[in-house]
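First up is the structure itself, then whatever we jot down about it.
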Amino acid sequence: MVDVLVMVEGALDAPRSLSPTSAGTWRQCELKYALSYLHGWQEGATLPQLIGNTAHRAVELLYGLEPTERRRDVASQLLRVALAEEAGRDEVSELVDRTADLAAQVSAAGENALDGLFALEDPTRISVDPGGLEVAVRADLYGVPVRGRIDRLYDAAGAYVVADYKSGRVPRPEYTAKAFFGLWTYAAALGAADPDRVLPDRIELLYLIGRERLARPVVRAVALEHARNLARIWRQILTAVQRTAVTARTSRLCDWCAFDSVCPARTKAPLPRVGSDEHTALVGALGLHRRDRATVAHVLERVESPGERQEPEEAAW
Numbered sequence: 001m002v003d004v005l006v007m008v009e010g011a012l013d014a015p016r017s018l019s020p021t022s023a024g025t026w027r028q029c030e031l032k033y034a035l036s037y038l039h040g041w042q043e044g045a046t047l048p049q050l051i052g053n054t055a056h057r058a059v060e061l062l063y064g065l066e067p068t069e070r071r072r073d074v075a076s077q078l079l080r081v082a083l084a085e086e087a088g089r090d091e092v093s094e095l096v097d098r099t100a101d102l103a104a105q106v107s108a109a110g111e112n113a114l115d116g117l118f119a120l121e122d123p124t125r126i127s128v129d130p131g132g133l134e135v136a137v138r139a140d141l142y143g144v145p146v147r148g149r150i151d152r153l154y155d156a157a158g159a160y161v162v163a164d165y166k167s168g169r170v171p172r173p174e175y176t177a178k179a180f181f182g183l184w185t186y187a188a189a190l191g192a193a194d195p196d197r198v199l200p201d202r203i204e205l206l207y208l209i210g211r212e213r214l215a216r217p218v219v220r221a222v223a224l225e226h227a228r229n230l231a232r233i234w235r236q237i238l239t240a241v242q243r244t245a246v247t248a249r250t251s252r253l254c255d256w257c258a259f260d261s262v263c264p265a266r267t268k269a270p271l272p273r274v275g276s277d278e279h280t281a282l283v284g285a286l287g288l289h290r291r292d293r294a295t296v297a298h299v300l301e302r303v304e305s306p307g308e309r310q311e312p313e314e315a316a317w
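Residue numbers (the working numbering): 1 to 317.
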């Protein structure tokens, strides 16, 4: 593993908020975060993403029905509706055009995921209403503006549960804690946003294709420490923006990174400075898409510098 400090040409806009995905990207590689969230580069749609989005949407539609209507045959009908929705998105058009049997592949994987859902639970017995599906979360954790969306909030025999669906493989035991990063973020955010600081009772990962449910009780001390960790990440990001310097951090995940061939830590040949017109041209040649400045401005905003931010007292949340 090699860490390389990368100076970025030009000013960086500070991020408007932090999500579990963006925080996870920062922890994985600061350069990947900067290129993805500050410069606005996006990878094209992939088949696994389309499968995951379609399965998520089908499950959302299923739980939007009355409990007695949540049958397996109805779920298959909703999967077809979800596939039509997802495949019709502009950002998926290139994937649709270059994948001849895309609908068949997504349908087969989606049916497998729905089989997994019905193996893990009886949807007719799940107490969730439409307001508990795809729940937008907004909260400040020690000065960090956290934003995100929860797949499902529901009542499990009196327990307040946060659940997230996964269409990927079940993580090995040594990676399980990392898999819960997003749900701990949401648990802490829900507690901070609640007037009485009430935390969920449990967080759950439902691996649909893997047919496994992973669950953890929510402990206040753990949620607080997670919130503090997010605050540390946020301060690191703001400092990097101020200094226009980030670390390119290598790992086994580099082999799947869209920026691998234009990363100073992975390429032996000299590269133009990140953020320069020359480097931007190299990234664009990889077939990535870049949000225009108006779109980026919609998700970014100026924030005060790290030195100006006052950290609230712990009792405040």
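Just so it is clear, CB atoms sit at the ideal spot from N, CA and C, and this is done for glycine as well.
For threonine 247 against arginine 266, the beta-carbon gap comes to about 13 Å, at or over 8 Å, which does not count as contact.
For secondary structure counted as the beta strand (DSSP E) over 3 or more consecutive residues, the region 153 to 206 holds these complete runs in sequence order: 159 to 166.
For glycine 148, the beta-bridge partners assigned by DSSP are Val137. Taken atom to atom, the span from the alpha-carbon of threonine 99 to that of glycine 88 is near 14 Å.
In the three-state reduction of the DSSP assignment, arginine 290 falls in the strand class. Every beta strand (DSSP E) of 3 residues or more that sits fully in the region 198 to 252 is shown, in chain order, as 202 to 207, 212 to 217, 245 to 249.
Here arginine 216 is near arginine 202, since their CB atoms are less than 8 Å apart. In the three-state scheme derived from DSSP, where H, G and I count as helix and E and B as strand, leucine 12 is classed as coil. With a beta-carbon spacing of about 6 Å, leucine 153 and valine 162 fall inside the 8 Å limit used to define contacts. In the structure shown, serine 17 falls within a coil segment according to DSSP collapsed to helix, strand and coil. A direct Cα-Cα distance of roughly 21 Å separates lysine 166 from leucine 95. Here the C-alpha atom of leucine 114 lies approximately 16 Å from the C-alpha atom of glutamine 49.
With the rule of 3 Cβ pairs closer than 8 Å, the region 55 to 74 does not count as touching the region 1 to 15.
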